[in-house]
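J.: Numbering of the sequence shown is given in our numbering, commencing with residue 6 and proceeding in unit increments.
Cβ coordinates follow ideal geometry from the N, Cα and C atoms, glycine included.
Next up is a structure, given as structure tokens.
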Amino acid sequence: MTDGETMSQTGQSPTESVIWRIDTNSFALSGHIEWSAHAHEDRHELLWGARGGLTAETDDGYFAVPGSLGLWIPAGVTHRVVAAAGTAFRCTFIAADIPPIATRTTAVAMPEVVRAVLDRLEAPPYLSAAPRIHAEELALSLLEPVEVSTIDIPLPRDTRTRLVAEALLSDPSDDRSLEDWGRHVGASARNLSRLFVAETGMSFSTWRTRARMRRAIEWLAADHTVAYVSRRSGYATPSAFVQAFRRELGRTPGEFASIRGDAAKKSA
6 MTDGETMSQT GQSPTESVIW RIDTNSFALS GHIEWSAHAH EDRHELLWGA RGGLTAETDD
66 GYFAVPGSLG LWIPAGVTHR VVAAAGTAFR CTFIAADIPP IATRTTAVAM PEVVRAVLDR
126 LEAPPYLSAA PRIHAEELAL SLLEPVEVST IDIPLPRDTR TRLVAEALLS DPSDDRSLED
186 WGRHVGASAR NLSRLFVAET GMSFSTWRTR ARMRRAIEWL AADHTVAYVS RRSGYATPSA
246 FVQAFRRELG RTPGEFASIR GDAAKKSA
């Protein structure tokens, strides 16, 4: 459904023009899918109702989208979305002339009434103009930004360092040294070290820690245990992982889960 489409549906006058300012698409994915970096100049985007691994990356950070919350992406913000195999979610587009809930990418509480209204807007018999405008305004008025933890982790541009970076994001437990990686991608350890600093603004060691935290947030948001996440993230013990998590994000994994829990209550 495109913005401004004139609808003529059952139970609705064929001469009545109804502008859809809010439109929702549903996705159920059998395989892994990545949407490359793009922006919508004429629409805000709301990702919600996620089941499985749904993540988004913008200039505002890296976000894992849990099922209890939504993710608001303002119009014009470049974003890249990745969905793991078996993921299901909804994507709601909101006309850019509607004032944004937030000017930055942010998580939002998704009360059940909002979910119900957004679903109703897509279901026949379609609402006529006045009820539809009222329903759209109601849904948007009940969206509320909430705090979530994010990790800013720029990707290097050089082909060799990019290969290393993508491999570590795929498997953050890989503990190969720069010398090992250099042999793998055909570069010296010194050159890789220089490129990481030049292209990401951080050392290889710091970048790898950020990569581990980035995936850790995703797994914690999916309600995996600290023991599971620490092992998948490449830490020998849960305590070592907790210390690293606190250093990078300013809170423990338990505090992160508590914040998510409070946000989820707002969606209840």
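To the nearest angstrom, report how far apart Arg219 and Leu183 are at their CA atoms.
T.: 20 Å
J.: Whose C-beta lies closer than 8 Å to the C-beta of Arg236 among residues of the same chain, with five residues either side of it excluded?
T.: Ser178
J.: Quick one, are the C-beta atoms of Ala93 and Gly58 less than 8 Å apart?
T.: No, the Cβ-Cβ distance between Ala93 and Gly58 is not below 8 Å.
J.: Taking the alpha carbon of Thr29 as the reference point, which residue from Ala241, Cys96, Asp64 and Ile38 has its own alpha carbon closest?
T.: When only C-alpha atoms are compared, the closest one is Cys96.
J.: Ile27 lies in the alpha helix (DSSP H); which residues open and close that run?
T.: Careful: Ile27 lies outside any alpha helix (DSSP H), inside the beta strand (DSSP E) at Ile27 to Ala33.
J.: What residue does the beta strand (DSSP E) around Tyr240 start on, and which one ends it?
T.: Neither: Tyr240 is in no beta strand (DSSP E) and is coded neither H nor E.
J.: Indicate the three-state DSSP secondary structure (helix, strand or coil) for Ile288 in the structure shown.
T.: Past the edges of the chain, shown from 6 to 273, lies residue 288, and the structure says nothing about it.
J.: At the level of alpha carbons, what is the spacing between Ser244 and Thr211?
T.: 19 Å
J.: Between Gly206, Val151, Ile24 and Ala100, which has its C-alpha nearest Ala112's C-alpha?
T.: Val151
J.: Leu51 lies in the beta strand (DSSP E); which residues open and close that run?
T.: Arg48 to Arg56
J.: How about the region 135–147 and the region 160–177: do they share at least three Cβ pairs that are nearer than 8 Å?
T.: no
J.: Where do the ends of the beta strand (DSSP E) carrying Pro150 lie?
T.: Glu149 to Val151
J.: Rounded C-beta distance between Val82 and Thr60? I'm assuming under 8 Å.
T.: Not confirmed; about 15 Å, so no contact.
J.: For His37 and Ala69, I'd like the C-alpha separation in whole angstroms.
T.: 15 Å
J.: Are Pro79 and His43 close, meaning C-beta to C-beta below 8 Å?
T.: no
J.: Where do the ends of the beta strand (DSSP E) carrying Ser41 lie?
T.: Ile38 to His43
J.: Could you give the distance in angstroms between the alpha-carbon of Glu39 and the alpha-carbon of Glu62?
T.: 11 Å
J.: Assuming Leu254 and Phe246 form a contact by the criterion Cβ under 8 Å, report the distance between their Cβ atoms to the nearest whole angstrom.
T.: Not confirmed; about 12 Å, so no contact.
J.: Rounding to the nearest angstrom, what Cα-Cα distance links Thr257 and Trp186 in this structure?
T.: 31 Å
J.: What did DSSP end up calling Tyr131 once you bin it into helix, strand or coil?
T.: Looking at Tyr131 - three-state DSSP - the assignment turns out to be coil, as it is neither helix nor strand.
J.: Give every residue of the same chain whose Cβ lies closer than 7 Å to the Cβ of Ser238, excluding the five residues on either side of it in the sequence, and list them in chain order.
T.: Pro177, Ser178, Arg217, Arg220, Ala221 and Phe246
J.: Can you find the residues in the same chain that come closer than 8 Å, C-beta to C-beta, to Ser263, ignoring five residues on each side of it along the sequence?
T.: none
J.: Taking the beta strand (DSSP E) that Thr87 belongs to, which residues open and close that run?
T.: Residue 87 is actually Val in this sequence, not Thr. Val87: member of the beta strand (DSSP E) spanning His84 to Ala88, first to last residue.
J.: Which residues in the same chain as Arg120 place their Cβ atom closer than 8 Å to its Cβ, once the five residues preceding and following it in sequence are excluded?
T.: Trp53 and Gly54
J.: Going straight from the alpha carbon of Val1 to that of Ile138, what length do you get?
T.: There is simply no residue 1 to check, as the chain begins at 6 and stops at 273 in what is shown.
J.: What whole-angstrom Cβ distance do Arg26 and Ala100 have, given they're in contact under 8 Å?
T.: 4 Å
J.: Do you know how far the Cα of Val118 is from the Cα of Leu126?
T.: 12 Å
J.: Given Thr108, which residues of its chain have a CB within under 8 Å of its CB, disregarding the five upstream and five downstream residues?
T.: So the list reads Pro79, once near-sequence residues are dropped.
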